[in-house]
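Data first, discussion second: the structure below is written as structure tokens.
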């Protein structure tokens, strides 16, 4: 999950050889890439190349997998795929910025935009103009409760489901019949009586049976309190609550849902001063026939190592579970020497292990993953999962830093290198196998997003050589899904004002890339 949201801005949003080079560098950037008059000011003198590499033709991929319920979330959908069937910038690239203070950007199928953030009155939901990002309407929770914006979801009926640290789940309807739109509360579910002392609400998501599943938990690396236990449960449409208590474990990320199955990953908590070195992955379903209303479809343990890695957010797996199509699931472990990608079967495996493979990634002694994977399957059923290494990443400024250009916050050259793709597929003999498809040496601040219309991953990074000199020059970097090679990069700005602070990005239905930063948003546009 490394998409966190500083109080100052709270935005998250998701083989080059066969590609045809289209232009020389001098022809690549069409306008405004210097950012001299941008809304976000450069906090250091402008430096670095405006554009690196060459734009490319699209190499379309198979459409993304569809998950049920059909919702919009930080990681794109209820399977946390990080994939969009939208176009994306290819050439004639332009960069503009806005000092927008909004949170997650969620689009419905009509292209309407709903977001969330922190305003003068605390945590808020917004109806936004999808072109200008102007706030059209807002909703403030009762008693100014602290909304858990990274894990809110929006249905295609424009219902927003969002939980609060105070133990409530709100179902808020966006009403689009009026101009401007309005918000109204459909349900205010008070779970405080069901949450034990020492736990805080974290996740809330619909399943296909209209149950709203929830977990307690938190992000210790983002200064949430450690928990010695976790509660997982759901609320029915009629208001009945079913729950299960899990001792010595803590949910540290989001959850995934496909139909009526919910996938939950936990990390070890600290109990009595001793670390439990294993975490859990669970597949759960609602069952009114079970004594507590919850059936475990399957469960497994993974290696959580003996501590949180330098720069990491999670004690256990740093990944929100990612569904790879309708057959597989990907997380990473937190093994001490070297983390591995773990690929599981989604359905209960009869007469064989649930875990298909464990594939080591990144360098020994310098590997950690605190991002969800990007997952995509081709038409032949070969599925890939991409994660980035964030070992020893700089800390995140959860409040506006006194020195926006502080090297401790902005120098990413000490962070571990790497972006890796692991594939799972059926061999000619029908056996399921995994392989490390590629691994590059980029240092990236988040996992990025994938466009199926272009076959490109859009990520965020800085110029490493200039960073060593104390000059922090930031780029949107574009990586080919099939080869893992960077095909081009466009400069967004210089200085800590352009640091993403681990915020994610999102593709818009009209083909723009929106990247969150400490000081606002970056908008990258270009011809498809």
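Residue numbers (mature numbering (1 follows the signal peptide of the UniProt record, and there is no 0)): -23 to -1, 1 to 505.
Virtual Cβ for every residue (Gly too), placed ideally from N, Cα, C.
Please read all numbers here as calculations on a predicted model, not as lab measurements.
Given 8 Å as the limit, is there contact between the stretch 72 to 90 and the stretch 165 to 185, that is, 3 or more CB pairs closer than that? With fewer than three CB-CB distances shorter than 8 Å, the stretch 72 to 90 does not count as touching the stretch 165 to 185.
Among 308, 336, 296, 396, whose alpha-carbon lies nearest the alpha-carbon of residue 315? The residue given as residue 315 occupies position 338 in the chain shown. Of 308, 336, 296, 396, the residue nearest in Cα terms is 336.
Express the C-alpha separation of residue 139 and residue 202 in angstroms, rounding to a whole number. Position 225 of the chain shown holds residue 202. Position 162 of the chain shown holds residue 139. In a straight line, the C-alpha of residue 202 is about 20 Å away from that of residue 139.
As a quick exercise: from 411, 457, 498, pick the residue whose alpha carbon is nearest that of residue 451. The sequence position of residue 451 within the chain shown is 474, counting from 1. Cα-wise, what sits closest to residue 451 is 498.
Which whole runs of the beta strand (DSSP E) in the stretch 297 to 333 are 3 residues long or more, in chain order? 299 to 301, 305 to 309, 317 to 322, all fully within the stretch 297 to 333.
The beta strand (DSSP E) spanning residue 495 covers which residue range? Sequence index remark: in the chain shown, residue 495 carries index 518 (1-based). Counting along the chain, no beta strand (DSSP E) covers residue 495, and no H or E run does either.
In angstroms, rounded to a whole number, what distance separates the CA positions of residue 101 and residue 164? On the chain shown, position 124 is the one that residue 101 refers to. On the chain shown, position 187 is the one that residue 164 refers to. The alpha-carbon atoms of residue 101 and residue 164 are separated by roughly 17 Å.
In chain order, what residues of the same chain have a beta carbon less than 6 Å from the beta carbon of residue 444, not counting five sequence neighbours either side? Taking the chain shown and counting its residues from 1, one reaches residue 444 at position 467. Excluding residues within five positions, the ones whose Cβ falls inside 6 Å are 388, 390.
Top-ranked residue by Cα proximity to residue 278, from 331, 446, 296: Position 301 of the chain shown, counting from 1, holds the residue named residue 278. The shortest C-alpha separation from residue 278 is found at 331.
Environment of residue 187 [buried if 16+ CB atoms lie within 10 Å]: As a working mapping, residue 187 is identified with position 210 in the chain shown. A residue is called buried when at least 16 other Cβ atoms come within 10 angstroms of its Cβ; residue 187 does not meet this threshold and is exposed.
For residue 416 versus residue 397, is the C-beta spacing smaller than 8 Å? Stepping through the chain shown from its first residue, residue 416 is reached at position 439. Stepping through the chain shown from its first residue, residue 397 is reached at position 420. The answer is yes: Cβ separation under 8 Å.
Take residue 157 and list the residues in its own chain whose beta-carbon comes closer than 6 Å to its own, dropping the five residues that flank it on each side. The residue you call residue 157 lines up with position 180 of the chain shown. Cβ neighbours of residue 157 beyond the five flanking positions: 113, 114.
Give the DSSP bridge partners of residue 245, in chain order. Taking the chain shown and counting its residues from 1, one reaches residue 245 at position 268. BP columns for residue 245 point to 226.
Opposing strand residues paired with residue 417 [DSSP bridges]: To locate residue 417, count along the chain shown from 1; it is residue 440. In the DSSP output, where bridge partners are listed per residue, residue 417 has 396.
Nearest to residue 59 by alpha carbon, out of 438, 302, 472, 204? As a first step, residue 59 is located in the chain shown; it is residue number 82 there, counting from the start. Closest by alpha carbon: 302.
Between the Cα of residue 449 and the Cα atoms of 371, 457, 228, 440, which residue gives the shortest distance? On the chain shown, position 472 is the one that residue 449 refers to. With distances taken between Cα atoms, residue 449 lies closest to 440.
For the candidate residues 155, 161, 232, 144, whose alpha-carbon lies nearest to that of residue 184? For the purposes of this step, residue 184 is identified with residue 207 of the chain shown, where counting begins at 1. Comparing Cα-Cα distances from residue 184 to each of 155, 161, 232, 144, the minimum goes to 232.
Candidates 370, 209, 148, 147: closest to residue 176 by CA position: Here residue 176 is taken as the residue at index 199 of the chain shown, counted from 1. Residue 176 has its Cα closest to that of 209, out of 370, 209, 148, 147.
Given a cut-off of 8 Å, decide if residue 65 and residue 488 are closer than it, judged by their beta-carbon atoms. Numbered from its first residue, the chain shown carries residue 488 at position 511. Numbered from its first residue, the chain shown carries residue 65 at position 88. If you check the CB distance, residue 488 and residue 65 come in under 8 Å.
If I'm right that residue 484 touches residue 63 with Cβ under 8 Å, what's the distance once you round it to whole angstroms? Locating residue 484 in the chain shown gives position 507, counting from the first residue. Locating residue 63 in the chain shown gives position 86, counting from the first residue. Contact holds; Cβ gap of about 5 Å.
For the stretch 131 to 183, which segments carrying the alpha helix (DSSP H) assignment without a break, of at least 4 residues, lie completely within its bounds, in sequence order? Counting only runs of 4 or more, we get nothing.
Could you say which of 49, 110, 53, 408 lies nearest to residue 73 if we only look at CA atoms? As a first step, residue 73 is located in the chain shown; it is residue number 96 there, counting from the start. Of the residues 49, 110, 53, 408, the one whose Cα lies closest to the Cα of residue 73 is 110.
Are the CB atoms of residue 204 and residue 44 nearer to each other than 8 Å? Indexing the chain shown from 1 puts residue 204 at position 227. Indexing the chain shown from 1 puts residue 44 at position 67. The criterion of a C-beta distance shorter than 8 Å is not satisfied by residue 204 and residue 44.
Alpha-carbon spacing of residue 193 relative to residue 476, whole angstroms: The sequence position of residue 193 within the chain shown is 216, counting from 1. The sequence position of residue 476 within the chain shown is 499, counting from 1. The alpha-carbon atoms of residue 193 and residue 476 are separated by roughly 30 Å.
C-alpha distance - residue 107 paired with residue 84, whole-angstrom precision: Counting from one through the chain shown, the residue named residue 107 turns up at place 130. Counting from one through the chain shown, the residue named residue 84 turns up at place 107. A direct Cα-Cα distance of roughly 9 Å separates residue 107 from residue 84.
Exposure of residue 42, with buried meaning 16 or more beta-carbon neighbours within 10 Å: The residue you call residue 42 lines up with position 65 of the chain shown. Residue 42 is buried by the Cβ-count criterion.
Span of the alpha helix (DSSP H) around residue 442: The count along the chain shown starts at 1 and reaches residue 442 at position 465. That run of the alpha helix (DSSP H) goes 441 to 445.
What residue range does the alpha helix (DSSP H) around residue 384 cover? Numbered from its first residue, the chain shown carries residue 384 at position 407. 384 to 387 is the extent of the alpha helix (DSSP H) around residue 384.
Report, in whole angstroms, the separation of the C-beta atoms of residue 324 and residue 393, which I expect to be a contact under 8 Å. For this step, residue 324 is matched to residue 347 along the chain shown. For this step, residue 393 is matched to residue 416 along the chain shown. About 34 Å separates the beta carbons of residue 324 and residue 393, which is beyond the 8 Å limit, so they are not a contact pair.
C-beta atoms of residue 263 and residue 237 nearer than 8 Å: Looking up residue 263 in the chain shown gives position 286. Looking up residue 237 in the chain shown gives position 260. Yes, Cβ-Cβ distance for residue 263 and residue 237 is below 8 Å.
Checking 8 Å against the spacing of the C-beta atoms, do residue 363 and residue 319 come in under that value? Residue numbering aside, residue 363 sits at position 386 when the chain shown is read from its first letter. Residue numbering aside, residue 319 sits at position 342 when the chain shown is read from its first letter. For the pair residue 363 and residue 319, the CB atoms are not nearer than the 8 Å cut-off.
Considering only C-alpha positions, which residue in the set 305, 287, 281 is nearest to residue 294? By 1-based counting over the chain shown, the position of residue 294 is 317. Of the candidates 305, 287, 281, 281 places its Cα closest to the Cα of residue 294.
Rank 173, 61, 245, 195 by C-alpha distance to the C-alpha of residue 126 and give the top, closest one. As a position in the chain shown, residue 126 is number 149, starting the count at 1. Here the closest residue by C-alpha is 195.
Helix, strand or coil at residue 482 according to DSSP, with G and I counted as helix: Your numbering for residue 482 matches position 505 in the chain shown. Per DSSP, reduced to three states, the secondary structure at residue 482 is strand.
Taking residue 258 as the reference, which of 269, 404, 244, 270 has the closest Cα? If you number the chain shown from 1, residue 258 lands on position 281. If we check each option's Cα against that of residue 258, 244 comes out closest.
Distance between residue 141 and residue 123 (C-alpha atoms, nearest Å): Taking the chain shown and counting its residues from 1, one reaches residue 123 at position 146. Taking the chain shown and counting its residues from 1, one reaches residue 141 at position 164. Approximately 5 Å, taken between the alpha carbons.
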